[in-house]
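Participant:
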Amino acid sequence: MPIARRPLGPEDLDLEILFCGICHSDLHQARNEWHNTLYPCVPGHEIVGRVSAVGPQVSKFAPGDLVGVGCLVDSCRTCSSCQDHEEQFCEQGAVFTYNGPDHHLGGHTFGGYSKSLVVHQDFALRIRHTDRLEAVAPLLCAGITTYSPLKRWGCGPGQHVGIVGLGGLGHMAVKIARAMGAQVTLFTSSPSKIAEAQRLGASEVVLSSDPAAMQALRGRLDLLLDTVSADHDVNAYLPLVRRHGAMVVVGAPENPLSVASFSLLFGAKTLAGSLIGGIAETQEMLDFCATHGLVAEVEVIRMEDVNQAYERLLKNDVKFRFVIDMQAWSGHDLENQESGAADRATQA
Ligand code: NAP
Ligand code: ZN
Ligand code: ZN
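Sequential numbering from 82 applies to the sequence shown in the numbering used here.
Following this line, the structure appears as structure tokens:
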């Protein structure tokens, strides 16, 4: 399907998209599980690309640079959230990479399952990894979504951190929490993931279906990060958090969570949430991952196989992130000859 990208503005970058990760949020949105999807929907917010052109006032990037684009492509820059570098909470409404309002062309934004993207330089991230770019792409959402709450809630040496769910987010959480210096316990519903969780850095792996193992960890965790994408019982996990400790939810299942008050009252626990991260913190996360040699575990697919990948993701059958090789796609950019460069169209 050809989609329009806006003309290159003075501070815009034109990107040739190299790789785009498949986040479970893409699946939720394609299936309208959050009940707000605008169709046609072109998902994709874990983008690594190469700058192919820059507007005349671009100062941060040059043609040929590798850049990342995550979940955000614009915000007002002036509200208190933007001033505090939390553009994801922009009070005028952050513009998400897809399914957001397109203030340039009208309609809604289209994401990274496409050949090219035009983005303001303020929402492009510098990539310092020098290779395995396909494995860098998932950092743009899975990386920042786990890095941000881990940092905010004090993950570090001497802390015992639990991660629930070993998917795209969960496996990055294990790696990042370990790199931050914490002791990591991974909770999984999948016996087949135990060995891999240990390889990724978890010092202990608990099957959530094992009551004795769950019981043994009561009150032991300083912090628990819940990345589960489907219905599950948070009341089974809150008792594992220590007195005054926190459980932070980043998973976004279709249905509401059900929380028993007493799960929070005893031990005065905090149940919190977190949404991706601001642009500055996303850059910090990318630099942290480059310094520590962290990338995602990926299965690279062709665009033609995306429906099959979605079926497998739905069945929890991926270790641990699908990434689309956009360059391998036979689709090609379509130049709109009638309006010249003004209305470039791209295949999605
Ligand atoms: P994913 O790769 O599909 O991983 C989700 C994991 O949840 C699975 O690997 C599985 O881990 C566990 N799980 C799945 N079904 C389960 C079930 N029925 N019961 C218990 N555990 C189950 O998804 P993801 O891309 O990491 O995304 C995870 C969630 O975070 C999604 O809801 C997504 O929309 C959301 N998200 C939120 C943000 C944010 O800013 N807050 C950003 C990105 C994504 P085990 O096999 O180990 O049990
Ligand atoms: Zn995502
Ligand atoms: Zn704002």
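Backbone N, C-alpha and C fix where the C-beta goes; we use that ideal spot for every residue, glycine too.
(1) Does the Cβ of Cys163 lie closer than 7 Å to at least one heavy atom of ligand 3?
(2) Give the DSSP-derived three-state secondary structure of Thr178 in the structure shown.
(3) Give me, in chain order, the residues of the same chain whose beta-carbon lies closer than 7 Å to that of Ala260; leave out the 5 immediate sequence neighbours on both sides.
(4) Step through the CB atoms of chain C and report whether any lies within less than 8 Å of the CB of Ala311.
(5) Could you give the uninterrupted runs of the alpha helix (DSSP H) lying entirely in the region 304 to 364, keeping only those of 4 residues or more?
(6) Going straight from the alpha carbon of Ala294 to that of Val287, what length do you get?
(7) Near Leu298, which residues of its chain fall below 8 Å by C-beta distance, leaving aside the five closest residues on each side in sequence?
(8) Quick check on the burial criterion: 16 or more other C-beta atoms within 10 angstroms. Buried or exposed for Trp234?
(9) Where does Ala143 fall in DSSP's three states?
(10) Helix, strand or coil for Phe204? Go by DSSP, reduced to three states.
(11) Can you list, in chain order, the residues of its chain with a C-beta nearer than 6 Å to that of Gly246? Leave out the 5 residues immediately preceding and following it.
(12) Would you list the one or two residues that DSSP bridges to Ser197?
(13) For Leu250, I'd like the list of residues in its chain whose CB is within less than 7 Å of its CB, leaving aside the five on either flank, ordered along the chain.
(14) Please find out if some non-hydrogen atom of ligand 2 comes closer than 7 Å to the beta-carbon of His109.
(15) Could you compute how far the alpha carbon of Gly125 sits from the alpha carbon of Gly237?
(16) Using 8 Å as the Cβ pair cut-off and three pairs as the minimum, do the region 85 to 101 and the region 111 to 121 touch?
(17) Please name the residue in His185, Glu172, Ser106, Ala276 whose C-alpha comes closest to that of Gly151.
(18) Under a Cβ-count criterion, where at least 16 other Cβ atoms within 10 Å of its own Cβ denotes burial, should Pro337 be classed as buried or exposed?
(19) Would you tell me roughly how many angstroms separate the C-alpha atoms of Phe100 and Leu346, rounded to the nearest one?
(20) Pair every Cβ in the region 190 to 209 with every Cβ in the region 140 to 160, then say whether three or more of these pairs are closer than 8 Å.
(21) Just to confirm the assignment, what range does the beta strand (DSSP E) spanning His241 have?
(22) Compute the Euclidean distance between the alpha carbons of Val129 and Arg209, then round it to the nearest angstrom.
Facilitator: Looking at the coordinates:
(1) The residue labelled residue 163 in the question sits at position 82 within the sequence shown. Under cutoff, so the answer is yes.
(2) Along the sequence shown, one-based indexing puts residue 178 at 97. Note: Thr178 maps to coil in three-state DSSP.
(3) One-based indexing of the sequence shown puts residue 260 at position 179. Excluding sequence neighbours, Ala260 sits near His373, Leu375.
(4) The chain labelled as chain C is not found in the depicted structure, where only one protein chain is given.
(5) 342 to 346
(6) Taking the sequence shown and counting its residues from 1, the one referred to as residue 294 is at position 213. Taking the sequence shown and counting its residues from 1, the one referred to as residue 287 is at position 206. Rounded to the nearest angstrom, the two C-alpha atoms are 6 Å apart.
(7) The count along the sequence shown starts at 1 and reaches residue 298 at position 217. Only Gly243, Thr266, Val287, Leu321 meet the Cβ criterion.
(8) Walking along the sequence shown from the start, residue 234 turns up at place 153. Trp234 comes out buried.
(9) Along the sequence shown, one-based indexing puts residue 143 at 62. Looking at Ala143 - three-state DSSP - the assignment turns out to be coil, as it is neither helix nor strand.
(10) To locate residue 204, count along the sequence shown from 1; it is residue 123. Helix, per DSSP.
(11) As a first step, residue 246 must be located in the sequence shown, where it is residue number 165. These residues qualify, in order along the chain: Thr308, Val309.
(12) The residue given as residue 197 occupies position 116 in the sequence shown. Answer is Glu97, bridged to Ser197.
(13) For the purposes of this step, residue 250 is taken as residue 169 along the sequence shown, with counting starting at 1. So the qualifying residues of the chain are Ala223, Thr226, Thr227, Thr308, Val331.
(14) Looking up residue 109 in the sequence shown gives position 28. Not so, every heavy atom of ligand 2 lies at least 7 Å from the Cβ.
(15) For the purposes of this step, residue 125 is taken as the residue at position 44 of the sequence shown. For the purposes of this step, residue 237 is taken as the residue at position 156 of the sequence shown. For Gly125 and Gly237, the distance between alpha carbons rounds to 31 Å.
(16) no
(17) As a position in the sequence shown, residue 151 is number 70, starting the count at 1. The shortest C-alpha separation from Gly151 is found at Ser106.
(18) In the sequence shown, residue 337 corresponds to position 256, counting from 1. Per the 10 Å Cβ criterion, exposed.
(19) Here residue 100 refers to the residue found at position 19 when the sequence shown is read from its first residue. Here residue 346 refers to the residue found at position 265 when the sequence shown is read from its first residue. Their backbone Cα atoms lie some 45 Å apart in a straight line.
(20) yes
(21) Stepping through the sequence shown from its first residue, residue 241 is reached at position 160. Note, His241: beta strand (DSSP E), 241 to 245.
(22) Position 48 of the sequence shown holds residue 129. Position 128 of the sequence shown holds residue 209. C-alpha separation (whole angstroms): 12 Å.
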